[in-house]
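Novice: Below is the structure I would like to discuss, written out as structure tokens.
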Amino acid sequence: MLLSLNSFLILGAVLFCIGLFGALSKRNAVSVLMGIEIMLNAVNITLVAFASSSTGTAHGARLTGQIFAIFIITVAAAEAAVALAMIIAIYRRRNSVDVSEINMMKW
Amino acid sequence: MDLASISFLILAAILVGSALAVVLMKNIVRAALFLAALFGAASGIYVLLNADFIAIVQILVYAGAVTILILFSIMLTQNPNSQSSNPGNHQWFIAAIVAAGLCAAIVFSFAQNSAIANGAGNAVTAASTNNTVVIGNLLYSPTTYSYVLPFEIASLVLLVAIVGAIVIGRED
Amino acid sequence: MDIFVRDIWVIPLLPLIALVLNLFIIRPLDVAYRDRSAHAGAAHDGHAEHSSSEAHYTAEELIESSYVSALDTIDGHIDTPAAMNHALQTAQKTSGGKQAVALMRQLEQHPEHPHGKPTIYARLAGYVGIAGMFGSFAWAIGALFAMFNNASLQKGLTIPLYNWLTFGSISYHVNFYVDSLTVVMLVVVTAVSVLVQFYSQEYIESEEPRGYSRFFAWLSLFAISMMILTLSANFLMIFIGWELVGVSSYLLIGFLGKDAPKIDGGRPSPSAAALKAFVTNRVGDFGFLIGIMILFAQTGTFTFTEIPQKLQGTDVTLITAAMILVFCGAVGKSAQFPLHVWLPDAMEGPTPVSALIHAATMVAAGVYLVARTFLLFHAYAGPQASMVVAYTGGFTALFAALIATVQVDLKRVLAYSTISQLGYMFVGLGVAGTDGPGMFHLMTHAFFKALLFLGSGGVLHALSGQQNMRKMGGLATKIPLVAFPFLLATLSISGMPFLSGFFSKDEIIAQTLANGDVALYVITVFTAFLTAFYMFRAWFLTFGGKGGALGGLWGGKYRGEVHPHAPGIRIWLPLMLLAIPTVFLGYWGFAPLGGNFNAFITGNPAAAPFGNPFADPMTYVSIALAFLGIGIAWLMYGMEVIPADALTRNPVGKGLHALFFNKFYVDELYMALIRFGIFLFAKIAVSIDKYVIDGIINGIGSGVLGIGRGLRKVETGRLQNYGAAFFGGALIIAAAFIAVVYFGK
Amino acid sequence: MSWLLTILVFLPTVGALAVMAAPRGLSRWLSAVFTGVVFLLSTWLYIGPMLSSGGNAAVFGNVSHPYWVDQAPWINVTIGSLQLKIDYHLGADGLSIFMLVLNALLTFLAVLGSWNIAKRQREYMALLLLLETGVMGVFCAFDLYLFWLFWEIELIPMFLLIAVWGGQRREYAAWKFVIYTVLGSAIMLAGILLLYFNLGSQTGQYNASFGWLATHHVSGNLTILGLTVSSQLIIFLLIYVAFAIKLPMFPFHTWLPDAHTEAPTAVSVLLAGILLKMGAYGLIRICVDFMPSGAHQFAWPLAVLGVINMVYGGLCSLVQSDMKKMIAYSSVSHMGYVILGVAAAVGPGATNPAFKEAALTGAALQMFTHGTITAMLFFSVGVLYDRAHLRDINAFGGLQAKMPRLTWIYSFAVLASLGLPGLSGFVAEYLVYTGSFSTFPILVAVSAFTVIITAGYLLWMLKRSFFGPLNPKWSGITDASILEMTPLITLAVLVLFVGVFPQFLINLLHPSLSNIIQTISGAVTASGR
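See the structure below:
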């Protein structure tokens, strides 16, 4: 059963973890952002897979997952915009987008 | 093995492969291009899952907008001096272990959970109605149960994000 | 007549009115008036004394300059010459210490002579005080005669005032109680008080005119306290009076403004003496208080008349312990060994105060206390209680007399003589079957000792404060009005027949023998010999000396520098008046003439009078010894046929002289005890506070801070570290969950 | 509902707001008016019942039936079988009235005593007023939770007053004070909850009002860490920790010397005069009355600690060179009397409850005595400090010559502090000693040693600083002004009056205290000890 729910979930999990690795291990802020985008996509896949495998009969029950995905896409877009704006702002100020140099958030 | 299964295998391979490429590529521009490929493949998965509207949105927003945004910002922040445009940091090793461990834990759980493994059956069901219409109703319908309010809030979020992005990114 | 006894509260009320008037109306007027005239004077002089710019010293400078600690240390070691020298040397090392020592020496060599006169209001304060006191005296005499008239009043009468509280079976009453004992004490107190107050007018006018009204206020306060003590019906009241006389004494000892230690004179500052007096008394009060508490816990009452009934069936050992503890209070107040050390120092107070408080009345309060609780000592406590009283008294009498033989300071000789005589009283109370002999000696002693002190005050006044007998001599011809009564009192205390001291002292000596206590008899008789010796030594050194009339008895060579000036009537009149009881009071206890003091004081008409001393052959032994003492003194200091250092030429005599002269080193011992006992404990306590308790507290604090400081390194500020930690944590939880759910079974 | 208590508690808060709103120049006048009015109103607490009953002090009632009551339901939540019921319940019987009036008076005098404070006067006055609210609340809260609430409220202004207006090491002192106290109140809250829910499950009725708690006691045992202890003892100890810190009791006392030394004069006065009394009040009102058999079991250690307090505090005072620190340690010593008196009241032996009541009355009077007398001492030192900016005993010497007025009143305070008869200190000490002796003879005998030490350190201090020849460096110092003398004289009159006629205070306290003694006797008899 290749097309069972499990296959999609595992795909999502693998993608999520790859994205996580990217987000945690990269110096370049843009690269970190890309990792996060991968993670968001992984979640979206999971949500849509759940929605498609749902057997609920109530109004809209089988599409709630898709609605969630839409919202995530929306928010992700907003996030990407703001994050990139911030990256540019930081770059202007410090002439670098290396996140390991940005450590003001302590104590 | 039917066409759907073969498509799934191919798409999954592209997804995992391009994801790995994104995080492993030394050159950030190439990584970004692989990200675009990833977005496209994800849209294919949505189609497989009968979520055609999502698939379209995915192409529009991610493959179209976000990729461009990322490429622009790469272009704007390109540091000519750096040897590698996409270096790893000191803790990449820990990150790898954490990511791998987490992946193993999740996959193990799915494999163990018989309810998910067996009960749900085929994830890809036949298209009964036009999903897009239903989604439209579910999002905007003023009379029936719908997500109007969250949708409006989401739009507000977008507005704020736009304004915020402009303000933050502005040269002063 | 009975009204004098029934309304005995008038006696403390009159001085109380005087005190209130004085303190709240007259004294403020005095101060205001004085300030105004002083201001006028200063303005006239045209130079402002105060300039605030002087006070520009940093905190460190002031503390390190150790002005105060130098003064205090020297003050505290004045009795222990070696330590004092060390303190002097140490003090010279700091600027403030140098300043303090210089000031001390200056004040000692050129005592400030206060100028100015008491204002009209100050004099008014004196008159009010004297008037109040005289009223009390008259009332006390009235009460005395009322008791003569109506013997049933001698039994005792309770005059309730009010009640602190009553719970169930226990009560805290504030009551007066009057019986013959009370009245005798009141007569003594009021009589001496009124004379001393009268005398003080001239004395304080020259010594401390600015404190004139204050002095009379404190004298009134003392009188009230003493009356409360005397009139108390229970241990609560007597303790109140006890502490109040203590504080009056404190205030009056420290009264004089010439408040610096006298290094060469070996005399502490008045304030140090006052402190010593109060604290030493408190040591006695510590025992007294515990004694009261034992009795109260047993009986639930403080009232003297109720305690005996309620003590029925109580363990005798416990009562004995309680009474010995009560006696501790008496030891403190009456300056008995080992708490006698404060009384000689208390002589730093004004001489009228020494006469009133530290000779005649307050120091006798201990004797009065024992007499008041006489029944408890003799009938309820075991015989050990009375033994302790008698032997403490006997030992102190001898001990103080030995010290008195070598002192050179006139007032200190009298002070040790007071301690010695108080010892006699305790012997009397300890050995006799009634409180008669002890109280009789208290009464006679009060008058002749007051006379001696006031007389010495007359001498000091004449010599502008000189107290050293080596700087006196031959004064009898220069101030005969002082010398004559002084001589009478000296004879009286030495036990000359027919004078009051003879009757009272011999009764006590006779009682020791009647009680079969030979040791005490020997002690008391030998002390009588010493008394005669040291009193006449003092007399010859002060008033007589070689070249005087009657073999140096009257007048002689004057060794001082100051020109003696004759005292006024306010000084010599009280002396003359005091001479009357000094001579005649003894006959109240002389049975052949019908005197039966014993019957009066015990309220029992059937009580046997004191024995006729002239019928007892043993009396002639003590008379002979008294004459021997006088004779030796005459030969050594009057005619000077025996050199004064005849006995101290050999090493034994020299050693003994040093021992007596240094007061058996008791002060040194106490100093060491305080420094290495109390202060050591105090320092340990402070160290515990600082290092153990605060150490633990601060240790916990810095421990928490240290952990925080370590943990804060985790907060790198790098988002990716946080993310790794977050997902790592999630991984651990997931792994744990999997381990438990899937492999735990 | 008479509203008087509510007004007394919250009028100072109104005053604080008014002070903050008004122009700076008015702040001291406004706070004087407000505290003055509160004081006048508080006296009605005493006068009112006395007038209405024709002078019969029994009218003041006891913890179950106080004369003054303000009550309204506040929080009442039921979760399953548990019920959380907190009432706005203020009450005042003799014991409370006594402390309320003292607090009102001392706060008023503290405002007068801070008349010339220069730094941020408006905020200072507002905080003093807030402090008054907190303390008033503590003394008249008749609901355990409300009590705890006010107990915490009082802390904030006190912390700020020390930390902002204090001396050199003010921050250390303020933090030490606040951490100690907060630790105590956290433990106290645990005790309160334990008491409330235990009692609730035992009686089936959840109620935290004092009247209920005083008549219904927890029974049974609790097992903690394998040890089975009576619940009363556990709860007693938990709640008492807070009071022990406040009292302060050895070994929880070390915050006191620091806080006193660093706090400004008027705050030291309030700290010594009122805040320490909160501990004593809590001990008598809550610990003893609500957990009588727990207190009974703890009586011996309590008495020993009380005696340690007395002697240890005295010894520590003896070697202090800082006047304020010395007085602070003397506070430790004097509060030992309170502990000893309470211990004797709940202690073993002494079949005669009259002795116990004498001891407890002595303890309560000691609260008053110490409050007034130590306030005098601190005011006096404050006068000196304002001029010299020094408190070191050895830095002065012979001040009598230049400051006769201050010397006079300071000596008065010192004599009162060492227990001179005719002044209030004596009454309290004498009652404690004589009342406690039959219960703890040896301990009381040891503690009587304090009378010597107290006389020693106080008079020695007086001698060094005020007597002797004048230290030439202070020839320019001026005497206390009329304004500075006002609080001192007021307190002196009070101390003298109570010392001579203590019975009006004793009568005021009697209904409350005899009720407590009955509770203890009942509990002790029931437990068969």
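Read top to bottom, the protein sequences are chains A, B, C and D. Residues in the first sequence are numbered consecutively from 1, following this note's numbering. Residues in the second sequence are numbered consecutively from 1001, following this note's numbering. Residues in the third sequence are numbered consecutively from 2001, following this note's numbering. Residues in the fourth sequence are numbered consecutively from 3001, following this note's numbering. Glycine included, each C-beta is placed from N, C-alpha and C at the ideal position. These figures come from a predicted structure and were not determined experimentally.
Does A:Ile-36 come within less than 8 Å of chain B when only Cβ atoms are used?
Specialist: It does not; no Cβ of chain B falls within 8 Å.
Novice: Give the residues of chain C in contact with D:Leu-3420, contact being defined as C-beta atoms less than 9 Å apart.
Specialist: Those are Glu-2243, Leu-2244, Gly-2246 and Val-2247, listed as they occur along chain C.
Novice: Does B:Leu-1024 come within less than 8 Å of chain C when only Cβ atoms are used?
Specialist: Judged by the 8 Å Cβ criterion, B:Leu-1024 is not in contact with chain C.
Novice: Below 6 Å CB to CB, which residues in the same chain sit around C:Ile-2523 once its five sequence neighbours on both sides are set aside?
Specialist: Taken in chain order, the residues that qualify are Gly-2394 and Leu-2398.
Novice: Starting from the Cα of C:Leu-2219, find the closest Cα among C:Pro-2352, C:Gln-2720 and C:Ile-2508 and give me that residue.
Specialist: Residue C:Pro-2352 is the option with its Cα nearest to C:Leu-2219.
Novice: For the alpha helix (DSSP H) containing C:Ala-2158, name the first residue and the last one.
Specialist: Note that residue 2158 of chain C is Thr in the sequence shown, not Ala. Per DSSP, C:Thr-2158 belongs to no alpha helix (DSSP H); it is in the beta strand (DSSP E), 2157 to 2167.
Novice: Using a Cβ-Cβ cut-off of 7 Å (strictly less than) and excluding sequence neighbours within five positions of D:Tyr-3329, which residues of its own chain qualify?
Specialist: Hits under 7 Å: Pro-3257, Gly-3313, Cys-3316, Ser-3317 and Gln-3320.
Novice: Find out if the Cβ-Cβ distance for the pair C:Ala-2272, C:Tyr-2250 is shorter than 8 Å.
Specialist: It is not a contact, given that the beta carbons lie outside the stated cut-off.
Novice: Where C:Leu-2023 and C:Glu-2207 are concerned, what is the direct C-alpha to C-alpha distance, given to the nearest angstrom?
Specialist: Roughly 20 Å between the two C-alpha positions.
Novice: Reducing DSSP to helix, strand and coil, say where A:Ala-13 ends up.
Specialist: Correct three-state label for A:Ala-13: helix.
Novice: B:Pro-1150 versus chain A: which residues are under 7 Å apart at the beta carbon?
Specialist: In chain order: Phe-71.
Novice: Specify, as a first and last residue, the run of the beta strand (DSSP E) that C:Asp-2079 falls within.
Specialist: That residue, C:Asp-2079, is in no beta strand (DSSP E); it is neither H nor E in DSSP.
Novice: Quick check on C:Gln-2312: buried or exposed, where buried means 16 or more other Cβ atoms within 10 Å of its Cβ?
Specialist: Exposed, since its Cβ has fewer than 16 Cβ neighbours within 10 Å.
Novice: Compute the Euclidean distance between the alpha carbons of A:Lys-26 and A:Ala-78, then round it to the nearest angstrom.
Specialist: Rounded to the nearest angstrom, the two C-alpha atoms are 22 Å apart.
Novice: Does the Cβ of D:Leu-3390 have 16 or more other Cβ atoms within 10 Å, making it buried, or fewer, making it exposed?
Specialist: So D:Leu-3390 counts as buried.
Novice: Should B:Ala-1065 be labelled buried (16 or more other beta-carbon atoms within 10 Å of its own) or exposed?
Specialist: With fewer than 16 Cβ atoms within 10 Å of its Cβ, B:Ala-1065 is classed as exposed.
Novice: In chain B, which residues lie less than 7 Å from A:Met-86 when you measure between Cβ atoms?
Specialist: Per Cβ cutoff of 7 Å: Ile-1168.
Novice: Does C:Ala-2724 come within less than 8 Å of chain B when only Cβ atoms are used?
Specialist: Yes, contact with chain B.
Novice: Tell whether a beta-carbon distance below 8 Å holds between B:Val-1023 and A:Ile-18.
Specialist: Yes, the pair counts as a contact, with Cβ atoms nearer than the cut-off.
Novice: What does C:Ala-2735 reach in chain B if we use C-beta pairs closer than 8 Å?
Specialist: Gly-1101 and Ala-1105, listed in chain order.
Novice: Within the segment 2422 to 2480 of chain C, note down every full alpha helix (DSSP H) run reaching 4 residues or more, in order along the chain.
Specialist: The segment 2422 to 2480 of chain C contains these whole alpha helix (DSSP H) runs: 2436 to 2462.
Novice: On the criterion of 16 or more Cβ atoms from any shown chain inside 10 Å, does C:His-1984 qualify as buried, or is it exposed?
Specialist: Outside the shown range of chain C, which is 2001 to 2745, sits residue 1984 of chain C, and nothing can be said about it.
Novice: Rounded to a whole number of angstroms, what is the C-alpha to C-alpha distance between A:Val-97 and D:Arg-3028?
Specialist: About 58 Å.
Novice: Could you list which residues in chain C have their beta carbon closer than 7 Å to that of B:Asn-1086, in chain order?
Specialist: Going along chain C, no residue has its Cβ under 7 Å from B:Asn-1086, so there is no contact; the nearest lies around 15 Å.
Novice: Give the DSSP-derived three-state secondary structure of C:Ala-2364 in the structure shown.
Specialist: It is helical.
Novice: Taking 7 Å as the cut-off, is the CB of A:Ala-69 close to at least one heavy atom of the ligand NAP?
Specialist: This structure simply doesn't include the ligand NAP, nor any ligand for that matter.
Novice: I want to verify the contact list: residues of chain C whose CB lies under 9 Å from the CB of D:Lys-3119, in sequence order.
Specialist: Those do not exist, as D:Lys-3119 stays about 20 Å from chain C at its closest Cβ, beyond 9 Å.
Novice: Hey, C:Pro-2118 and C:Tyr-2203 are a contact pair by Cβ (cut 8 Å); roughly how many whole angstroms apart?
Specialist: Contact flag wrong, Cβ pair sits at about 12 Å.
Novice: Is D:Thr-3478 buried or exposed, if buried means 16 or more other CB atoms sit within 10 Å of its CB?
Specialist: It is exposed - the Cβ of D:Thr-3478 has fewer than 16 other Cβ atoms within 10 Å.
Novice: Over what stretch of residues does the beta strand (DSSP E) that includes D:Trp-3074 continue unbroken?
Specialist: Where D:Trp-3074 is concerned, the enclosing beta strand (DSSP E) stretches over 3068 to 3079.
Novice: Looking at C:Ile-2307 and C:Thr-2314, is the spacing between their C-beta atoms short of 8 Å?
Specialist: Cβ distance not < 8 Å, so C:Thr-2314 and C:Ile-2307 don't count as in contact.
Novice: Under 8 Å: do the segment 3440 to 3454 of chain D and the segment 3295 to 3314 of chain D share three or more Cβ pairs, one atom per stretch?
Specialist: Verdict: yes, contact present.
Novice: State yes or no: is the C-beta of A:Met-39 within less than 8 Å of the C-beta of A:Leu-20?
Specialist: Cβ distance < 8 Å, so A:Met-39 and A:Leu-20 count as in contact.
Novice: Does the distance from the CB of A:Ala-81 to the CB of B:Leu-1069 come in under 8 Å?
Specialist: Yes; because the gap between Cβ atoms is below 8 Å, this pair is in contact.
Novice: When the cut-off is 8 Å and only beta carbons count, does C:Val-2686 lie next to chain D?
Specialist: Yes, its Cβ sits closer than 8 Å to a Cβ of chain D.
Novice: For the segment 3128 to 3137 of chain D against the segment 3483 to 3502 of chain D, are there 3 or more C-beta pairs whose distance is under 8 Å?
Specialist: The segment 3128 to 3137 of chain D, when compared against the segment 3483 to 3502 of chain D, does not touch it at the 8 Å Cβ threshold.
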